[in-house]
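Chains A and B supply the protein sequences, listed in that same order.
Here this note's numbering runs 16 ahead of the position in the first sequence, where the first position is 1.
Here this note's numbering runs 327 ahead of the position in the second sequence, where the first position is 1.
Yeah, the Cβ is synthetic: ideal placement off N, Cα and C, and Gly gets one too.
What you are looking at is a predicted structure, and each value in this text was computed from that prediction instead of being measured.
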Amino acid sequence: MSDARSDIFARIREALKVKAPKPHLKGDANAGKSSVAAKPWLPEGGDDAEGSLLILAEQLAKLKAVLIRVPDRASASKALANLSLSKKWKKVAFHGHELLRPIAAGLSCETWEADASFDKQRLEGCDAGITTCESIVAQLGSILVSSATSGGRALSVLPHVHVVVAEAAQVVPDLGAALALARARHGEQLPSMLSFITGPSRTGDIERILVLGAHGPKELYLILIG
Amino acid sequence: MSDAKSIFLKDATVNAADGDQRAFIRKALGGYYTNRDLQKARYRDWEMARDVASMAKWTAVNDLANVLEKFVGNFERNGGVVHWARDAAEARAIILKIAEDANAKAIVKSKCMTSEEIHLNDALEKAGYGVVESDLGEFIQQLRGEAPYHFVFPCMHVKREAISELFTKHLGTAPTDSPEELTMIARRHLRQLYIDADIGITGANFLIAETGQISITENEGNARLTAALPRIHIALSGIEKVVNYLDDLSVLLPMLATAGAGQPMTCYNTLYSGPRKKGECDGPEQFHLVLLDNARTRLLADPEQRDALHCIRCGACLNVCPIFKNIGGLAYGTTYQGPIGSVITPHLRGLKQWNHLSGASSLCGACTDACPVRIDLHHHLLHNRRNAAKESPTLFDRLFHNGFNFVIKRPWLFAAGGRIFRATLPFLQKLPLPYMRAWMKTRDLPKAPSQSFRDQWKNQNV
Ligand code: SF4
Numbered sequence: 017m018s019d020a021r022s023d024i025f026a027r028i029r030e031a032l033k034v035k036a037p038k039p040h041l042k043g044d045a046n047a048g049k050s051s052v053a054a055k056p057w058l059p060e061g062g063d064d065a066e067g068s069l070l071i072l073a074e075q076l077a078k079l080k081a082v083l084i085r086v087p088d089r090a091s092a093s094k095a096l097a098n099l100s101l102s103k104k105w106k107k108v109a110f111h112g113h114e115l116l117r118p119i120a121a122g123l124s125c126e127t128w129e130a131d132a133s134f135d136k137q138r139l140e141g142c143d144a145g146i147t148t149c150e151s152i153v154a155q156l157g158s159i160l161v162s163s164a165t166s167g168g169r170a171l172s173v174l175p176h177v178h179v180v181v182a183e184a185a186q187v188v189p190d191l192g193a194a195l196a197l198a199r200a201r202h203g204e205q206l207p208s209m210l211s212f213i214t215g216p217s218r219t220g221d222i223e224r225i226l227v228l229g230a231h232g233p234k235e236l237y238l239i240l241i242g
Numbered sequence: 328m329s330d331a332k333s334i335f336l337k338d339a340t341v342n343a344a345d346g347d348q349r350a351f352i353r354k355a356l357g358g359y360y361t362n363r364d365l366q367k368a369r370y371r372d373w374e375m376a377r378d379v380a381s382m383a384k385w386t387a388v389n390d391l392a393n394v395l396e397k398f399v400g401n402f403e404r405n406g407g408v409v410h411w412a413r414d415a416a417e418a419r420a421i422i423l424k425i426a427e428d429a430n431a432k433a434i435v436k437s438k439c440m441t442s443e444e445i446h447l448n449d450a451l452e453k454a455g456y457g458v459v460e461s462d463l464g465e466f467i468q469q470l471r472g473e474a475p476y477h478f479v480f481p482c483m484h485v486k487r488e489a490i491s492e493l494f495t496k497h498l499g500t501a502p503t504d505s506p507e508e509l510t511m512i513a514r515r516h517l518r519q520l521y522i523d524a525d526i527g528i529t530g531a532n533f534l535i536a537e538t539g540q541i542s543i544t545e546n547e548g549n550a551r552l553t554a555a556l557p558r559i560h561i562a563l564s565g566i567e568k569v570v571n572y573l574d575d576l577s578v579l580l581p582m583l584a585t586a587g588a589g590q591p592m593t594c595y596n597t598l599y600s601g602p603r604k605k606g607e608c609d610g611p612e613q614f615h616l617v618l619l620d621n622a623r624t625r626l627l628a629d630p631e632q633r634d635a636l637h638c639i640r641c642g643a644c645l646n647v648c649p650i651f652k653n654i655g656g657l658a659y660g661t662t663y664q665g666p667i668g669s670v671i672t673p674h675l676r677g678l679k680q681w682n683h684l685s686g687a688s689s690l691c692g693a694c695t696d697a698c699p700v701r702i703d704l705h706h707h708l709l710h711n712r713r714n715a716a717k718e719s720p721t722l723f724d725r726l727f728h729n730g731f732n733f734v735i736k737r738p739w740l741f742a743a744g745g746r747i748f749r750a751t752l753p754f755l756q757k758l759p760l761p762y763m764r765a766w767m768k769t770r771d772l773p774k775a776p777s778q779s780f781r782d783q784w785k786n787q788n789v
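Have a look at this one:
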């Protein structure tokens with residue numbers, strides 16, 4: 017008996033001997049790169065940095081994510097400390113990143129650098145997880161985190177609140193740009209997880225009524241510096 | 328009549344008569360229509376974007392062998408293990424073997440329709456593993472012991488009171504009528520299960536050839552947790568999910584979310600390439616991908632309907648289908664409900680048994696209009712009807728078509744037939760003709776005109 021792999025490939029090759037007609041399309045859809053071909057048709061992501069930031073703010077508000085804009089790192093630190101106090105956080109896990117370490121040091125509650133010694137039970141007990149990100153997509157309000165730059169896979173989804181600290185320069189207009197940037201940065205060594213986070217975790221499974229915080233974070237904050 | 332058909336007819340009749348349930352489904356979908364239109368309006372041209380999305384899938388599916396080969400090479404280079412399954416039994420055996428080798432006990436699953444297709448839960452439970460569905464809708468359906476009602480919104484037909492009762496019975500929680508509180512009950516219950524599970528099983532929405540990544544779309548975060556906490560991650564996917572470029576997702580992901588759920592983007596769209604890498608602090612030690620054929624190559628071999636393999640399972644065609652809204656998802660008796668299910672099920676499971684689904688359509692074309700990747704759904708339903716008639720014509724089909732053929736070639740006979748038909752039409756209403764009965768129960772026949780069209784034409788032109 018031949019193995020399943022070669023059998024399946026044989027079936028595919030046999031099936032494709034008869035060609036299917038190319039679909040009749042209006043536009044130049046087969047220009048090769050989907051994002052280039054679709055750019056004029058997809059939702060807008062802004063033509064310049066200012067435009068992108070405006071769209072981003074609008075998208076995040078609709079998604080019920082909270083955008084906090086601050087001028088510099090010191091004020092980012094202050095904003096996070098205030099948030100932590102007002103929400104009465106007791107334990108906060110953060111990604112050991114040069115941007116985040118000083119910010120976490122300013123918190124009055126217990127803090128823990130989660131990637132130094134991963135412990136899922138302990139992480140589950142944290143009120144918030146603080147990460148950086150790869151980029152932020154203005155067009156859709158999505159934040160791209162990765163296992164390489166955001167403290168692994170669980171930090172951005174297991175704690176009950178997720179806080180992202182990023183520089184305004186990390187905002188890109190659209191999804192195509194974010195994907196291209198991630199590829200350019202990591203080359204062949206892609207992180208084992210890249211995740212676009214678009215608003216806090218949600219479900220509509222009960223009577224199609226929106227509820228936030230299904231399994232992932234109920235609250236999502238983006239502290240944007242600059 | 329096939330078993331599947333008689334069950335379908337019975338369930339469809341009962342459900343279509345249940346006005347309350349139909350109103351409930353329509354109400355549940357109301358918010359979706361509003362949100363979808365709002366999101367679509369953000370597209371500078373939705374129709375043109377559909378062209379790009381359909382082309383991305385067309386190029387991959389029509390070059391499937393090469394694209395799949397490239398994907399697998401890259402996936403393996405990233406440290407993942409690929410398994411091939413010709414059919415459901417092979418896929419189940421592969422997954423059972425992985426679980427056995429790993430000495431696993433507890434398994435947590437995120438939503439994966441392909442696993443419904445191969446009846447994976449049954450097999451795992453029979454082998455003694457605890458399996459928990461973590462998607463809220465799937466979790467509720469698992470407790471109810473019922474198949475998903477809709478492949479994107481699995482329990483959209485269940486009222487909150489019933490869910491509350493279900494949770495009280497199985498989880499011992501206090502009754503509540505708040506969807507929020509019900510969601511939190513499931514959240515609290517499932518959290519520890521992710522942490523304790525040895526294996527996490529997910530589906531895959533896209534396989535990216537260029538990078539060897541798999542892409543998973545979800546709203547709740549349960550797939551994220553399923554692929555983060557257990558020490559083994561198994562993904563199960565049909566072979567047709569592959570696309571050429573990572574960049575294709577820049578169109579497919581937002582369109583999937585907008586078409587299917589009226590969102591700009593689903594909450595979590597995650598790309599996985601391999602198990603935990605060096606320098607990463609968490610993630611599974613092993614990453615397995617089971618690639619399933621299960622008659623997909625049979626559909627591939629039909630160039631006319633090959634585009635049905637472009638489906639990205641957004642669910643839009645169900646949401647707009649008048650038949651789906653009237654008979655409900657369970658009546659189909661299939662893994663994939665609605666128009667796309669009616670198109671592909673006869674290919675995947677046999678035209679003889681499942682052809683009746685080709686009739687589960689008003690041919691209004693709403694599904695075809697809704698499909699983000701431009702699958703010609705309602706024409707495929709017609710194609711299936713034609714194929715079924717060719718494969719095993721009923722006596723009525725044969726008599727009717729041969730008779731029609733004979734008459735239409737003889738104008739005098741056609742004219743005579745017309746005259747007889749016009750004269751006897753008033754009496755036909757009363758005849759107990761089997762083919763007419765269902766139709767006539769709720770309708771009257773139109774009045775016959777006194778003259779045929781050809782007579783009128785002649786009279787006007789003299
Ligand atoms: S057939 Fe089209 S509309 Fe239906 S689920 Fe598939 S992609 Fe969506």
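Proximity test, Cβ basis, 8 Å: residue i and chain A
i	result
Glu607(B)	yes
Lys432(B)	no
Thr695(B)	no
Tyr359(B)	yes
Asn342(B)	no
Ser689(B)	no
Val670(B)	no
Glu488(B)	no
Met767(B)	no
Cys594(B)	yes
Glu492(B)	no
Ala531(B)	no
Glu417(B)	yes
Asp620(B)	yes
CB contact check: residue i to chain B, cutoff 8 Å
i	result
Ser158(A)	yes
Leu165(A)	Leu is not the amino acid found at residue 165(A); the sequence shown has Thr there. No, its Cβ sits nowhere closer than 8 Å to a Cβ of chain B.
Phe110(A)	no
Ser100(A)	no
Trp128(A)	no
Ile225(A)	yes
Val199(A)	In the sequence as presented, Val is not what sits at residue 199(A); that position holds Arg. Answer yes: the Cβ-Cβ gap between Arg199(A) and chain B drops below 8 Å somewhere.
Asp190(A)	yes
Ile222(A)	yes
Ala53(A)	yes
Where residue i falls, given that 16 or more other Cβ within 10 Å makes a residue buried
i	result
Val399(B)	buried
Gly357(B)	exposed
Arg701(B)	buried
Arg737(B)	exposed
Asp437(B)	In the sequence under discussion, the amino acid at residue 437(B) is Ser, which differs from the Asp named in the question. Result: buried.
Gly472(B)	exposed
Ile430(B)	The identity of residue 430(B) in the sequence shown is Asn, whereas the question assumes Ile. Exposed is the call here.
Cys691(B)	exposed
Ser151(A)	buried
Pro759(B)	exposed
Lys186(A)	A small fix is needed here, since residue 186(A) is Gln in this sequence, not Lys. Buried, since its Cβ has 16 or more Cβ neighbours within 10 Å.
Tyr521(B)	buried
Glu567(B)	buried
Asn98(A)	exposed
Trp385(B)	buried
Pro207(A)	buried
Lys382(B)	The displayed chain sequence assigns Met, not Lys, to residue 382(B). Buried is the call here.
His497(B)	exposed
According to DSSP, residues forming a beta bridge with residue i
i	result
Gln756(B)	Bridge partners of Gln756(B): none, in fact.
Ala562(B)	Thr529(B) and Leu616(B)
Ser542(B)	Phe533(B) and Leu598(B)
Practice problem: Could you run through the stretch 546-575 of chain B and flag, in chain order, every residue whose CB is less than 8 Å away from some CB of chain A? | Solution: The stretch 546-575 of chain B vs chain A, Cβ under 8 Å: Asn546, Glu547, Gly548, Asn549, Arg551, Leu552, Ala554, Ala555, Leu556, Ile566, Tyr572, Leu573, Asp574 and Asp575.
Quiz item: What residues from the stretch 462-491 of chain B come within 9 Å of chain A, judged by C-beta to C-beta, listed N to C?
Solution: Cβ contacts with chain A: Asp462, Leu463, Gly464, Glu465, Phe466, Ile467, Phe480, Pro481, Cys482, Met483, Val485, Lys486, Arg487 and Ile490.
Exercise. Compile a chain-ordered list of the residues in the stretch 24-35 of chain A whose CB is closer than 8 Å to at least one CB of chain B.
Key: Sequence-ordered contacts of the stretch 24-35 of chain A with chain B read Ile24, Phe25, Arg27, Ile28, Arg29, Glu30, Ala31, Leu32, Val34 and Lys35 [C-beta pairs closer than 8 Å].
Exercise. Check distances from the C-beta atoms of the stretch 699-720 of chain B to those of chain A and list, in chain order, the residues that come in under 8 Å.
Key: Among the residues of the stretch 699-720 of chain B, those with a Cβ less than 8 Å away from any Cβ of chain A are Arg701, in the order of the chain.
Quiz item: What residues in the stretch 55-73 of chain A bring their beta carbon closer than 8 Å to a beta carbon of chain B?
Solution: Residues passing the 8 Å Cβ filter: Pro56, Trp57, Leu58, Pro59 and Glu60.
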